[in-house]
Amino acid sequence: MIRINDIIDKISDYYPDADLDLIDRAYIYSARVHDGQVRLSGEPYLSHPLEVSGILADMRLDVVSVTAGLLHDVVEDTHATENDIKEMFGPEVAHIVSGVTKLSKLTFDSSQARQAESIRKMILAMADDIRVILIKLADRLHNMRTLSFQKPKKKIVIAQETIDIYSPIASRLGIFWIKKELEDIAFRYLQPDVYNKIIEMVDQDKLEHENYIDMVKDRIQRAMDENNIRCEVQGRYKNAYSIHQKMIKQSLAFEDVYDIIAFRIVLGNSIPQCYEALGIIHSMWKPIGKKIKDYIAVPKPNMYQALHTTVVGPSGERIEIQIRTEEMDKIAKSGIAAHWSYKEGKQVDEKANKTYAWIQNLVENQESFTDPKEFIENVRIDLFPDEVYVFTPNGEVKTVPKGATPVDFAYLIHTEVGNQCTGAKINGRMVPLQYQLKVGDSIEIITTKGHTPSKDWLNFVKTVKARSRIRQWIKSQEKERSLSLGREMCDKAFRKHRLNFSTLSKSEKMLEVTAHFGFKFFDDLIASVGYGKITPLQIVRRFEPKEEDEQTQDSFIGKIIGRVKKKHINKSGVTVKGIDDVLVRFGKCCQPVPGDSISGYITRGYGVTIHRSNCVNLLKITPDRQIEVEWEGHSKETYPVKIMIRSNDRRGLLADIAAAISKLDSNIIDLNTKTRESMAVESYFTLAVKNTEHLFAVLNALNKIKSVQEVKRLDVKMP
Ligand code: MN
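Per the numbering used here, residue 1382 is the first one in the sequence shown, and the count goes up by one each step.
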């Protein structure tokens, strides 16, 4: 067990003017409040905060960090309060201890592995001081070192959490030595067999490996000496976990993993010499082109810098070599912590500034990153982004934008939850709906059946989803009102003309009238009466027999339009898998014809409706109501399909078109023409065709007509 004097020695080593009294007092206090508590290892509990502080001192962190390390568990595990800490050790230490305590209260289970990334971000966002994370990592490291004393089940849980959450955080912050140690210990517990096998295999040829390491080191060292480059050459085994990762990633057998040994050249502080050394290596051994990485010119987001190369070594094997300066070496080992640690004669604030300057620099140099996604991913975390991470009642992590409210959260869960939301509890306490969510909040939405959204919510919701859902609801309310108003108006107007609106509204004719006014659904037509866009009289007129009108409109069209039988409503030509004798209808939105790929969906009380497989309306239907359908093959039915013909206007054009259609044994069901500026005409025809082949033949024939510029079947319309 490390003693407090060892820690004090370490600190005075790198920071002679340190306020050692603070550390002393923290030690005495921690010993007093933890007194009587015992670790699973049987050691007094105090050994844990001591070890953690020792790790922090190894990272050359400031006095506040080391002090907070000694106190990191006292609020969580003893009668001490945050206020006690503040009074005795000042606000800075108290703030950090409270941050660590908050993180300790987060518990995750293995089912949350898939949200590991959210949890990592949450942890980073919760800690408003990077030292909180550094202490948490040191804490986790010591707990991993003593993992063998835990119960078997707990070992697995903790090891998995370490792999999922903590080693990636260490990696993000560039603290590779912690990352590696965490991974190796976790790996040992999670896959003991694989771990042991790798260790065994590494050991097997140890002597041979060591001779090899010495030989390569020696040759590099000599070459550098000859060129007057003073440096230290290191050769080391990669850790078991990274060897294993390499085996998985590249699906290699152990024998095929060449680079279980990596070499490193650490030289003074001259960057040009790094490149010089790289040149020397490449003149000795042939480099593998793709493997040269210049992280000096383009540092990694976690500020790692070095030159990497892989060369073909003396006996044809691959050798991985890293070249870096002493300063880069230090940062590579301790990452962001290096910027928080003491260097002689420098103040902490300056280092803090440097850290943030580094982040700033990253933002400014964004273009120089080869993989922008990776860059953004990393920096977003370091900048503590505009995102807030909160918990659902069953412990799932959700991300909401800063300023989001319980209403936003409710809509994030489900539209219905949002619509019926009447209140919210944060960490068990009721809050107003305008409450702004904070990182780590555990939130429960209270819903009341039949409750509806309020227009006022639009004043405070932050998310697009909530906003659009609330608007949608308001709009649907308005439509509801217009619909009943429209119905009333039509009913009156029809009665005046001795027509029965409710009978007629179910007629085929009404579907045609609906389409005539450019609507897909009858309800939309009636709602637009309610909105005042169409008068009831306009609709009534379509039902009054005014032969002269129809005739004068286009006298010969009337002759050619055949009466297309609507038989296919009963004899649809479609079979529904597993059901005979079912009412089949066709989607008006996409008008499928034989040959189209189709799907059906079961409507409530109206049988099965057939849509083209790419119809947007189909996409809105839940999959459990979809049903497989297919064309019967030799149906004699015809099907309506809408086409558009763009042409220049000329005399007799319509007659030519009608003749072409008729010649191919098709019929015009409906026709609608729009003249645009400069003689261009867009005509919309609804034709009766037998199948897609028939349709293509008609389209082809129409295309050949003089003045016709474009002919196409209308796509499935967006709603
Ligand atoms: Mn602890």
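Idealized CB from N, CA, C, for every residue including glycine. It should be emphasised that the depicted structure is a prediction, and the values quoted were computed from it without experimental measurement.
Cα-Cα separation, residue i to residue j
i     : j     : result
D1400 : Y1656 : 42 Å
D1394 : I1624 : 36 Å
I2086 : L1999 : 35 Å
N2128 : I2038 : Outside the modelled stretch of the chain, which goes from 1382 to 2100, sits residue 2128, for which no answer is possible.
T2067 : S1849 : 35 Å
D1935 : N2053 : Low confidence applies here, because D1935 scores a pLDDT of 42, under 50, leaving its location unreliable; read the following figure in that light. Going from the Cα of D1935 to the Cα of N2053 covers about 11 Å.
P1680 : A1713 : 11 Å
I1383 : L1563 : 20 Å
R1459 : D1405 : The identity of residue 1459 in the sequence shown is Thr, whereas the question assumes Arg. About 19 Å.
P1397 : K1391 : 10 Å
K2017 : K2071 : 7 Å
M2060 : P1834 : 50 Å
E1797 : V1788 : 11 Å
Y1593 : H1476 : 51 Å
Q2007 : L1522 : 53 Å
V1419 : G1831 : 55 Å
S1548 : I1566 : 11 Å
T1884 : V1965 : 22 Å
D2051 : V2062 : 16 Å
K1890 : D2030 : 30 Å
T1916 : P1782 : 46 Å
A1643 : H1453 : 37 Å
T1956 : Y2020 : 16 Å
Q1572 : K1578 : 10 Å
D1710 : A1678 : 15 Å
S1411 : K1561 : 30 Å
I1388 : S1434 : 7 Å
T1786 : M1525 : 38 Å
D1675 : W1558 : 22 Å
E1432 : R1617 : 26 Å
D1912 : V2079 : Contrary to the premise, residue 1912 reads as Tyr rather than Asp in this sequence. Distance between the alpha carbons of Y1912 and V2079 is about 40 Å.
I1673 : H1689 : 6 Å
E2009 : N2048 : 30 Å
Closer than 7 Å: residue i CB and nearest ligand 1 heavy atom
i     : result
Y1429 : The amino acid occupying residue 1429 in the given sequence is His; Tyr does not appear at that position. Because some heavy atom of ligand 1 lies under 7 Å away, the Cβ of H1429 counts as near it: yes.
H1415 : no
Ligand 3 heavy atom lying under 7 Å from the CB of residue i
i     : result
I1983 : Summarising the ligand content, the structure contains ligand 1 and does not contain ligand 3.
Is the stretch 1796-1807 touching the stretch 1855-1871, taking contact as three or more C-beta pairs under 8 Å? no
Pairs of beta-carbons, one from the stretch 1706-1714 and one from the stretch 1645-1654, closer than 8 Å: are there three or more? yes
Evaluate contact between the stretch 1515-1533 and the stretch 1477-1485, counting only Cβ atoms and requiring at least three cross-stretch pairs below 8 Å. yes
Is there contact between the stretch 1830-1847 and the stretch 1781-1795, where contact requires at least three CB pairs shorter than 8 Å? yes
Whose CB is closer than 5 Å to a heavy atom of ligand 1? List the residues in chain order. D1454, D1520
Inter-stretch contact (C-beta, 8 Å, three-pair minimum) for the stretch 1821-1828 and the stretch 1876-1887: no
Length at least 4, wholly inside the stretch 1578-1628: the alpha helix (DSSP H) runs in chain order: 1587-1607
Would you list, in sequence order, the uninterrupted alpha helix (DSSP H) runs of no fewer than 4 residues that lie entirely inside the stretch 1967-2032? 1997-2000
Segments assigned alpha helix (DSSP H), at least 4 residues, entirely inside the stretch 1824-1878: 1845-1877
Across the stretch 1525-1545 and the stretch 1470-1480, are there enough close Cβ pairs to call them in contact, namely three or more that are closer than 8 Å? no
Ignoring anything shorter than 3 residues, give me the beta strand (DSSP E) runs that lie fully in the stretch 1409-1449, in order along the chain. none
For the pair the stretch 1546-1561 and the stretch 1576-1588, tell me if three or more CB-CB distances fall below 8 Å. no
Count the C-beta pairs between the stretch 1902-1913 and the stretch 1864-1874 that are closer than 8 Å, then say yes if the count reaches three, no if not. yes
Segments assigned beta strand (DSSP E), at least 3 residues, entirely inside the stretch 1764-1828: 1768-1772, 1778-1782, 1802-1807, 1810-1812, 1824-1828
Report the start-end ranges of each beta strand (DSSP E) in the stretch 2057-2094 that is 3 residues or longer and not cut off at the edges. 2061-2070, 2089-2094
Extract the residue ranges of the alpha helix (DSSP H) inside the stretch 1645-1685, only unbroken runs of 4 or more that lie entirely within it. 1652-1665
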